[in-house]
Amino acid sequence: MFDVAIIGCGPVGAFAANLLGKSGLSVLVIEQEANPYPLPRAVHLDHEMMRLFQSAGVIDAVADDMRDTEGHLHVGADHGVIKYMGTVGRARPFSWSNDYFFYQPELEQHLRDALAAHATVELRLGVGFEGLAQDGEGVTLHLTGGDTARARYVIACDGARSAVRKALDIRLDDLDFEEPWLVVDAEVDGPVRFPDLSGVPEAADLQKLSVMMCDPKRPATIVPGRGNHRRWEFMLLPGEDDQAMMEPHNVAALVAPYLSGVPHRIVRAATYRFHGLIAERWRMGGVFLAGDAAHQTPPFFGQGMCHGMRDAANLAWKLAAVVKGEAPDALLDSYQPERDPHVRAVISAAVGAGRYICVLDPAIAAARDADMREAAKATQQGTAADLIPAISTGIVALGTAGAGERFIQPRVGGKLLDDVTGGGWRLFARHTVAAPGDVTVVALDALDDGGAIAGWLDARGADALLLRPDHYVFGTGEPADLIALRDALIAGSVSQEIAA
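Listed below in structure tokens is the structure:
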């Protein structure tokens, strides 16, 4: 029997397998396709994903194929800037850039290839999922060809049309957003052209930004990709036919304003329905939904695949603890309560953005532009990564400063923090303190980080913090109290209400 079986070897499934394999768990990965899907789908990830690739030991394999960029620009009906979420000149507390673009077939192949480094991971390609049955010991998977497999736990990473989710009869909560868009990918040998725009910040490089044209004549997004890959997303207007809009002459007409005179090749053009959907249950017995099987996010902030990676990171350390006998099975019940609010917050923001982006009435669009420009004067614009809230329940010391936040990753003597301190549970304290064997103690007076972590603690009035394996802050306070509370929460001997 395998410790964990993963259904689907797309980016999320392959990433989860690498994390679990690094933990020493025995993992079976089932993928019905022999090769990664050959066309680009997801294109964006953020600094947290790069850090998670560090955790999984695959960063060196994927980093060279990532293109870091400089944020997002929203342009109004009059072709003037209404929102700028730029990152040029901003501090990088996580060291990695806020935004990266990639080519999904390459990323998938890198993550699949990395599985060969884990002797406990078995990858079966060309094998499909047909059903499952659960008992008190684990899950039996029924696979194509009459084969079966047994695993203590199963993670379904099999996409938006998840056969596992359907087999479990888990319904989706519809957040009432559905808009048809045409997605066009192209290889472009030269700079993309933009219409005359006003109000573009001097530091902004349009070739390194995601540009959202909030034009009621045709809302559209233009995003950079790795190398010479570029993507356009065009909203389909009322009455337009999906198939007709995918015809080459219509695609050529849509991209012409941006590519006139620029050598290019259209890689694909496909229509999609942008949805906001969340599964009502993410766990049923020993089976967990992750990635698009659990939630579908409109793409306006590029967080869809990031959600799936966060799912995998949240599950991986908990599964490892349970399988190794360090925690009860009930620890896994914290998965959905911790992750669902993250997903809902981002989907709500993306749906909100979609609603103002998709305005087709010129008068309403003009009023929107005026309101957004006025709002921009009052506050500094954040980035898409700022949409992720702190974990507000589960395995966190609620009520302590910084609890549930994503923790910074400064450079330490020229290296990244996690590469110096290792992963797992880490206790950062101003001086050396005692801790159990599963917690790495990091004394700040011996850490060459330029005072970054001490500054983080100062801002929260704390002397120590306990960091979870997925890089979220468990809490701040007295080290012994933090560790005792962690142990109690994981053991289930104290409720979160008491902990708070």
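All residue numbers for the sequence shown refer to the working numbering, where the first residue is 43 and numbers rise by one. Heads up, the beta-carbon is just placed ideally off N, CA and C, and yes, glycines get one too. Note that the coordinates shown come from a computational prediction; the quantities given were computed from them, not determined experimentally.
Which of helix, strand or coil DSSP assigns to residue i
i: W138; result: coil
i: D257; result: coil
i: L87; result: strand
i: Y195; result: strand
i: T129; result: coil
i: L248; result: helix
i: H184; result: strand
i: D29; result: Only positions 43 to 542 of the chain appear in the structure, and residue 29 is not among them; the question remains open.
i: I320; result: strand
i: F57; result: helix
i: A119; result: coil
i: R109; result: strand
i: K457; result: strand
i: Y398; result: helix
i: Q176; result: strand
i: P222; result: strand
i: I540; result: Any reading at I540 must be qualified, since the residue scores a pLDDT of 43, below 50, and its modelled position is unreliable; no value is offered.
i: Y377; result: helix
i: F343; result: helix
i: V365; result: helix
i: M414; result: helix
Cβ neighbours of residue i in the same chain (closer than 8 angstroms, five flanking residues each side left out)
i: V304; result: V230, D231, G232, P233, V234 and R235
i: P147; result: P78, Y79, P80, L81 and P82
i: V117; result: V123, I124, L239, V253, M254, M255, C256 and D257
i: I540; result: Note that I540 scores 43 on pLDDT, short of 50, meaning its location in the model is unreliable and no value can be drawn from it.
i: V388; result: T339, F343, Q345, H349, L429 and I430
i: V309; result: L81, P82, D227, A228, E229 and H271
i: A477; result: L469, V483, P521 and I525
Among the options, the one whose alpha carbon lies nearest that of residue i
i: P82; options: D106, A321, E150 and D461; result: E150
i: A504; options: F449, T442, E90 and G99; result: T442
i: R203; options: G466, H86 and A335; result: A335
i: L115; options: H337, V104 and F343; result: F343
i: A58; options: W138, V265, R154 and L459; result: R154
i: A501; options: L509, H384, D490 and T518; result: T518
i: R307; options: R273, G281 and A245; result: R273
i: G479; options: C51, H473 and L469; result: L469
i: A246; options: E220, R132 and E172; result: R132
i: D375; options: G318, T435, M347 and V100; result: T435
i: A496; options: M91, A471, D120 and T482; result: A471
i: A544; options: G55, V265, S65 and A84; result: Residue coverage of the chain in this structure runs from 43 to 542, which leaves residue 544 outside it and unanswerable.
i: D403; options: P261, H473 and H337; result: P261
i: W324; options: T313, D353 and M347; result: D353
i: G328; options: H121, R310 and R207; result: R207
i: V484; options: T474, G492, R381 and H317; result: T474
i: M127; options: D460, I437, V481 and D428; result: D428
i: I72; options: L214, L499, A205 and E282; result: A205
i: V265; options: V54, G318 and D141; result: D141
i: S535; options: I437, L499 and L183; result: I437
i: T162; options: K419, M43, A418 and W498; result: M43
i: G456; options: F171, A439, D491 and P511; result: D491
i: M326; options: G52, Q96, R213 and A119; result: R213
i: P521; options: V481, W498, Y195 and H121; result: V481
i: Q176; options: L499, V196, D189 and L458; result: V196
i: G318; options: L296, S139 and V385; result: V385
i: H121; options: K259, G178 and R93; result: K259
i: Y300; options: G367, A321, D283 and Q249; result: Q249
Own chain partners of residue i with C-beta closer than 7 angstroms, once the 5 adjacent residues on each side are dropped
i: A410; result: In the sequence on display, residue 410 carries Arg and not Ala. So the list reads Y398 and V401, once near-sequence residues are dropped.
i: D523; result: none
i: G170; result: Q74, L185 and T186
Proximity below 8 angstroms, CB of residue i to CB of residue j
i: I48; j: C199; result: yes
i: V46; j: A193; result: yes
i: R315; j: P452; result: no
i: I433; j: Y377; result: no
i: H86; j: F143; result: yes
i: G180; j: A209; result: no
i: M347; j: A56; result: no
i: I525; j: L509; result: no
i: E275; j: V242; result: no
i: S97; j: D461; result: no
Below-8 angstroms beta-carbon distance, residue i vs any chain B residue
i: G201; result: Annotation note: the requested chain B is absent from the structure, which comprises a single protein chain.
Cutoff 6 angstroms; reference residue i; Cβ partners in own chain excluding five residues on either side
i: A62; result: First, the amino acid is wrong: residue 62 is Leu here, not Ala. Once the five neighbours on either side are set aside, the close Cβ partners of L62 are V46, V69 and A358.
i: I532; result: A369 and L373
i: F95; result: I101 and V104
| field | Cβ contact (3+ pairs, closer than 8 angstroms) linking the segment 346-358 and the segment 316-335 | value | By the Cβ criterion, the segment 346-358 is in contact with the segment 316-335, since at least three pairs of Cβ atoms, one from each stretch, lie closer than 8 angstroms.
| query | Touch check for the segment 405-420 and the segment 462-472: three-plus C-beta pairs under 8 angstroms? | reply | The segment 405-420 vs the segment 462-472: no contact.
| message | Using a Cβ distance threshold of 8 angstroms, determine whether the segment 97-111 contacts the segment 165-173, with at least three qualifying pairs required. | response | These segments do not touch.
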